[in-house]
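A.B. asks: Taking this note's numbering, the leading residue of the sequence shown gets 16, the next gets one more, and so forth. Here it is, the structure in full.
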Amino acid sequence: MQKINEILSFIKDQYKTDDFIPLHVPRFRGNEKKYLNETIDSTVVSSVGAYVDQFESMMENIVEVEKAVAVVNGTSSLQVALRLAGVKAGDEVITQALTFIATANAIAYNHAEPIFLDVDLDTMGLSPKAVSEFLEEFGELREDGTYNKNTGKKIAACMPMHTFGFPVHLDEMITVCDNWGIPVVEDAAESLGSYYKGKHTGSIGLIGGFSFNGNKTVTCGGGGAIVTNVLELGKHAKYLTTTAKRPHPYEFFHDELGYNFRMPNLNAALACAQLEMLPKFLEEKRNLAQEYAEFFKSINIKFREELPDTKVNYWLMCLELGDKEERDNFLKLTNENSVMTRPIWTLMFRLPMYEHCHRDQQKNAIFLEERIVNIPSSVR
Ligand SMILES: *Cc1c(COP(=O)(O)O)cnc(C)c1O
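See the structure below:
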């Protein structure tokens, strides 16, 4: 790759260093230490506390939802969101194969089976057209929902994922799913700060999940949030993730199979301080994306920019290279030269746990799998 030296020096200039440049690292430049110290001094570090409540209300304001529930990680937020959407053992859930493993695992943890459908080339997320075509061919609308004619199983939910913060075509997705009576559960793990037609991702489907893992835009070490505009579902999410214990001053009585998925107050303290920084992070990422966009345009490499009607958080920024050979070369040369880059995920149906699952042709997913790479995207 002839342009590689130019690329390496441009990225090193952005971060003003010759040392190793990671893909994405957190920045703690706000009230993180102050809130953590307060929490430790108070001894209220565990599964309840003021910062948990504050985190939930901050998320309600940012995502503009009726209810946000703090949980221990993003995967568990999706697991519970699917259950609340009505997914039961033996059901099927439509999702994309081009995603991080947590999306598919959250389905499997509910003893349901993923159906992997193709993504759109422009959004890199689940394609409403692919969903519509699949349902036209295999869907059978009954009184209590849509069933798969092939397997006789209920298609209980559809879970699109907003890849690297780029929102899927949500209007079209919701329309298709509404026609078939299938609830939409948004995997918004990567898209805190991303908007679709002015609405925050995660707030548009029935229910959504976010991640606050160490590599995400905002982190609290590990954490997640379930969000919904249906207050009853939100309350149920809180109940289920806190062991489904009936409120009582001292008796222990649990009336459903709940989970201990609570976010500790210590992590919530970190999360609150980080959420305060979100607007700054988003602005700074947007500036970096702008610099990248201009540079890569000048050397004829495709840098992925936000689509009309959307606002992207630029969580992990990405390039679309010419072919797999160019991609492999790029990954080798950058990683050998202290600039961390990464290919997009291996498609889910190539993994042993999911290779038996139903899928369509995956033309776009395979195209992107061979060409998309992530480049350093941390806040500078
Ligand atoms: C990060 C992520 C999750 C959740 O991850 P946790 O590490 O459990 O917080 C879920 N889905 C996608 C697509 C992700 O990128």
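Glycine included, every Cβ here is placed at the ideal spot set by N, Cα and C. As the structure is a computational prediction, the values presented were derived from the model and not from experiment.
How is A85 classed by DSSP in three states: helix, strand or coil?
C.D. replies: Within the sequence shown, numbered from 1, the residue matching residue 85 stands at position 70. Of the three classes helix, strand and coil, the one that applies to A85 here is strand, per DSSP.
A.B. asks: Using CA atoms only, rank isn't needed, just tell me which of K144, L51, E47 is closest to Q111.
C.D. replies: On the sequence shown, position 96 is the one that residue 111 refers to. Cα-wise, what sits closest to Q111 is K144.
A.B. asks: Quick check on H251: does DSSP put it in helix, strand or coil?
C.D. replies: In the sequence shown, counting from the first residue as 1, residue 251 sits at position 236. Note: H251 maps to helix in three-state DSSP.
A.B. asks: With distances taken from CA atoms, which of E335, M292, G237 is nearest I359?
C.D. replies: Translated into the one-based positions of the sequence shown, residue 359 becomes position 344. The shortest C-alpha separation from I359 is found at E335.
A.B. asks: Are A171 and V108 closer than 8 Å when you measure CB to CB?
C.D. replies: In the sequence shown, counting from the first residue as 1, residue 171 sits at position 156. In the sequence shown, counting from the first residue as 1, residue 108 sits at position 93. Closer than 8 Å, so yes.
A.B. asks: Please report the distance separating the alpha-carbon of G101 from that of P198.
C.D. replies: Mapped onto the sequence shown, residue 101 falls at position 86. Mapped onto the sequence shown, residue 198 falls at position 183. Between G101 and P198, the C-alpha separation is close to 8 Å.
A.B. asks: Any heavy atom of ligand 1 closer than 7 Å to the Cβ of T114?
C.D. replies: Here residue 114 corresponds to residue number 99 of the sequence shown, with the count starting at 1. Checking every heavy atom of ligand 1 against the Cβ of T114, one is found closer than 7 Å.
A.B. asks: List the endpoints of the continuous beta strand (DSSP E) containing D242.
C.D. replies: Along the sequence shown, one-based indexing puts residue 242 at 227. The question names Asp, but residue 242 is Val in the sequence shown. From DSSP, the beta strand (DSSP E) with V242 extends over 239–243.
A.B. asks: Going by the CB atoms, is the gap between T257 and G239 shorter than 8 Å?
C.D. replies: Within the sequence shown, residue 239 is the residue found at index 224, counting from 1. Within the sequence shown, residue 257 is the residue found at index 242, counting from 1. Between G239 and T257, the C-beta spacing is not below 8 Å.
A.B. asks: Taking DSSP as the reference, what is the three-state secondary structure of C287?
C.D. replies: To locate residue 287, count along the sequence shown from 1; it is residue 272. Reduced to three states, the DSSP call for C287 is helix.
A.B. asks: From Q289 to I390, what does the alpha carbon distance come to, in whole angstroms?
C.D. replies: As a first step, residue 289 must be located in the sequence shown, where it is residue number 274. As a first step, residue 390 must be located in the sequence shown, where it is residue number 375. Each residue's Cα considered, the two are about 23 Å apart.
A.B. asks: May I ask you to list the residues that DSSP assigns as paired with A172?
C.D. replies: The residue you call residue 172 lines up with position 157 of the sequence shown. DSSP lists V108 as partners of A172.
A.B. asks: Would you tell me roughly how many angstroms separate the C-alpha atoms of L156 and D106, rounded to the nearest one?
C.D. replies: Reading the sequence shown from its first residue, position 141 is the one you call residue 156. Reading the sequence shown from its first residue, position 91 is the one you call residue 106. When rounded, the distance between both Cα atoms is 15 Å.
A.B. asks: Might you give, ordered along the chain, the residues of its own chain that have their beta carbon closer than 8 Å to the beta carbon of G167, omitting 5 neighbours on each side?
C.D. replies: Residue numbering aside, residue 167 sits at position 152 when the sequence shown is read from its first letter. Counting only Cβ-Cβ distances below 8 Å, and skipping sequence neighbours, we find nothing.
A.B. asks: List the endpoints of the continuous alpha helix (DSSP H) containing Y66.
C.D. replies: Locating residue 66 in the sequence shown gives position 51, counting from the first residue. Per DSSP, Y66 belongs to the alpha helix (DSSP H) from 65–78.
A.B. asks: So, at 7 Å on beta carbons, what are the nonlocal neighbours of S62 in its own chain, with the 5 sequence-adjacent residues on each side left out?
C.D. replies: Mapped onto the sequence shown, residue 62 falls at position 47. Result list for S62: R277, P279, in chain order.
A.B. asks: Does ligand 1 have a heavy atom nearer than 7 Å to the CB of S393?
C.D. replies: By 1-based counting over the sequence shown, the position of residue 393 is 378. For ligand 1, not one heavy atom lies less than 7 Å from the Cβ of S393.
A.B. asks: So, at 7 Å on beta carbons, what are the nonlocal neighbours of D375 in its own chain, with the 5 sequence-adjacent residues on each side left out?
C.D. replies: Locating residue 375 in the sequence shown gives position 360, counting from the first residue. Answer for D375: L132, D133, A145, F149, listed in chain order.
A.B. asks: Give the single residue among P294, K260, R386 whose Cα lies nearest to the Cα of G73.
C.D. replies: Walking along the sequence shown from the start, residue 73 turns up at place 58. The residue you asked about is not Gly; residue 73 is Met in the sequence shown. The shortest Cα separation from M73 among P294, K260, R386 belongs to P294.
A.B. asks: What are the residues that DSSP puts in a beta bridge with L23?
C.D. replies: Taking the first residue of the sequence shown as position 1, residue 23 is located at position 8. According to DSSP, which records beta bridges pairwise, L23 is partnered with nothing at all.
A.B. asks: Please list the terminal residues of the continuous beta strand (DSSP E) segment that includes M411.
C.D. replies: Only positions 16 to 395 of the chain appear in the structure, and residue 411 is not among them; the question remains open.
A.B. asks: Is S393 buried or exposed, if buried means 16 or more other CB atoms sit within 10 Å of its CB?
C.D. replies: Numbered from its first residue, the sequence shown carries residue 393 at position 378. Answer is buried; the Cβ neighbour count reaches 16.
A.B. asks: Pairing CB atoms from the stretch 328–345 with CB atoms from the stretch 204–216, are three or more of them under 8 Å?
C.D. replies: With a cut-off of 8 Å on Cβ pairs, the stretch 328–345 is in contact with the stretch 204–216, counting three or more such pairs.
A.B. asks: Please tell me whether, using a cut-off of 7 Å, the distance from the CB of A204 to the nearest non-hydrogen atom of ligand 1 is below it.
C.D. replies: Numbered from 1 along the sequence shown, position 189 holds the residue referred to as residue 204. Yes, since a heavy atom of ligand 1 falls inside the 7 Å radius drawn around the Cβ of A204.
A.B. asks: Of the residues E341, R301, T90, L246, which one's Cα is nearest the Cα of I116?
C.D. replies: Residue 116 sits at position 101 when you count from the first residue of the sequence shown. Cα-wise, what sits closest to I116 is T90.
A.B. asks: Under 7 Å from any heavy atom of ligand 1, does the C-beta of M176 make it?
C.D. replies: The count along the sequence shown starts at 1 and reaches residue 176 at position 161. Yes, ligand 1 has a heavy atom inside 7 Å of this Cβ.
A.B. asks: How about S226: is its Cβ closer than 7 Å to a heavy atom in ligand 1?
C.D. replies: Looking up residue 226 in the sequence shown gives position 211. At least one heavy atom of ligand 1 is nearer than 7 Å to the Cβ of S226, so yes.
A.B. asks: Run through the stretch 108–154 for me and flag every whole alpha helix (DSSP H) of 4 or more residues, listed as ranges in chain order.
C.D. replies: Taking only runs of at least 4 residues, the alpha helix (DSSP H) segments lying wholly in the stretch 108–154 are 116–124, 143–153.
A.B. asks: Contact between the stretch 238–252 and the stretch 207–225 is defined here as three or more beta-carbon pairs at a separation below 8 Å; is this criterion met?
C.D. replies: At 8 Å Cβ cutoff, the stretches touch.
A.B. asks: In chain order, what residues of the same chain lie with their CB nearer than 8 Å to the CB of G237, ignoring the 5 residues before and after it?
C.D. replies: Translated into positions along the sequence shown, residue 237 becomes position 222. Only V87, N88, F227, N228, G229, N282 meet the Cβ criterion.
A.B. asks: Run through DSSP, which three-state label would Y369 get?
C.D. replies: If you number the sequence shown from 1, residue 369 lands on position 354. DSSP places Y369 outside both helix and strand once states are collapsed to three, so it counts as coil.
A.B. asks: Considering N194, what are the terminal residues of the alpha helix (DSSP H) in which it resides?
C.D. replies: Your numbering for residue 194 matches position 179 in the sequence shown. Residues 185–194.
A.B. asks: Would S92 pass as a contact of F225 if the rule is Cβ separation under 8 Å?
C.D. replies: Residue 92 sits at position 77 when you count from the first residue of the sequence shown. Residue 225 sits at position 210 when you count from the first residue of the sequence shown. It is a contact, given that the beta carbons lie within the stated cut-off.
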